[in-house]
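Position 111 of the sequence shown, counted from 1, bears residue number 351 in this note's numbering, the numbering being contiguous throughout. Glycine is no exception: its CB is placed at the ideal position from the N, C-alpha and C atoms. Predicted model only: the values in this text are computed from it and were never measured.
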Amino acid sequence: MSDLRKDAPDDVDLGRVWISVATQVWRRQPGWLERTASRLLRSPGLARALLTTPSLLLPWLLTSIAVLAAGAAATTDSGQPLVALLAPGVAAAAIAYAYGPGMDPAWELSCSMAVSDRMVLLVRALAVFAVNAVLGLAASAVSASGAAAAVTFGWLIPMTAVCAFALAVATVARSANAGAAAGVAAWLIIVLCGRVASGHFAAAVTDTVLFLPYLAIGAGCAAVALYATRIPRGTL
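Here it is, written out as structure tokens:
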């Protein structure tokens with residue numbers, strides 16, 4: 241490289257040329273899904289950040305599908321709405337890993353984009369929630385029979401609250417692990433308290449009296465998560 245620089249004309253910067261060549265060689269070409277997301281979001285950087293969300297990558301999705309499939313099989317055998325009890329916990333863990341340093345391959349990219357941290361968080365959280373809701377609804381539809389059929393959709397409201405709580409903890413504590421642990425633990429406590437109060441585990445998703453508190457908690461936790469992303473970029 242040094243010999244080439246000696247022989248190069250004075251008006252040619254071989255260093256910049258080499259950086260340009262390396263960039264072209266190592267740049268990953270976007271696939272059709274990323275191009276579609278880029279058009280919908282009107283931001284190539286935001287589309288790249290969305291498709292590198294840890295809990296939307298194939299290994300995580302396969303794990304979620306396996307857990308919900310096991311719940312669907314157990315629901316079919318027992319007649320109890322196990323999918324409705326598993327889905328909020330699975331979604332809470334997934335949404336906690338939607339954003340943050342350490343495990344996020346697009347963290348440096350998101351910190352250097354013109355798009356705000358809050359926008360990246362919002363797009364990723366909505367995408368993770370939507371994917372997990374679809375997976376849960378599919379598992380519920382497959383296993384809907386007896387008592388399970390009555391809560392095919394009822395678990396979406398507690399799932400919203402638990403996901404918002406996990407995301408709030410993750411953003412405030414600046415730790416996806418803390419958010420996932422808090423979300424799963426909170427949902428487990430709710431289910432056990434419902435079991436003690438009513439005598440059956442499904443009370444956490446079938447008791448309509450709880451729906452209004454779920455929505456209030458979800459709204460409050462979402463506000464906390466949005467407020468937490470107001471801190472200077474790159475310090476979360």
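Taking the alpha-carbon of residue i as reference, which of the options has the nearest alpha-carbon?
i, options, result
"A333", "T446, V424, V409", "V424"
"Q320", "P270, A420, L450, T446", "T446"
"A444", "A456, A459, L396, A422", "L396"
"A426", "T400, G439, H440, V449", "T400"
"L281", "L362, A408, L377", "L362"
"L290", "S318, V360, R275", "V360"
Take the Cβ of residue i as the centre, count every other Cβ of all protein chains shown within 10 Å, and call the residue buried at 16 or more, exposed below.
i, result
"P453", "exposed"
"D357", "buried"
"I429", "exposed"
"T293", "buried"
"V323", "buried"
"P328", "buried"
"V374", "exposed"
"G458", "buried"
"R279", "exposed"
"A463", "exposed"
"S295", "buried"
Mind checking which residues open and close the alpha helix (DSSP H) that includes residue i?
i, result
"Y467", "451 to 468"
"T411", "396 to 413"
"D317", "298 to 318"
"S380", "357 to 383"
"P284", "284 to 291"
"S295", "Neither: S295 is in no alpha helix (DSSP H) and is coded neither H nor E."
"A324", "322 to 336"
"A425", "416 to 438"
"A442", "Note, A442: premise wrong, no alpha helix (DSSP H); not H, not E."
"T276", "272 to 281"
List the whole-angstrom C-beta distance separating residue i from residue j, where the pair is believed to meet the contact cut-off of C-beta under 8 Å.
i, j, result
"S415", "A312", "Not a contact, Cβ separation roughly 31 Å."
"N372", "A331", "4 Å"
"V307", "L326", "6 Å"
"I335", "C403", "5 Å"
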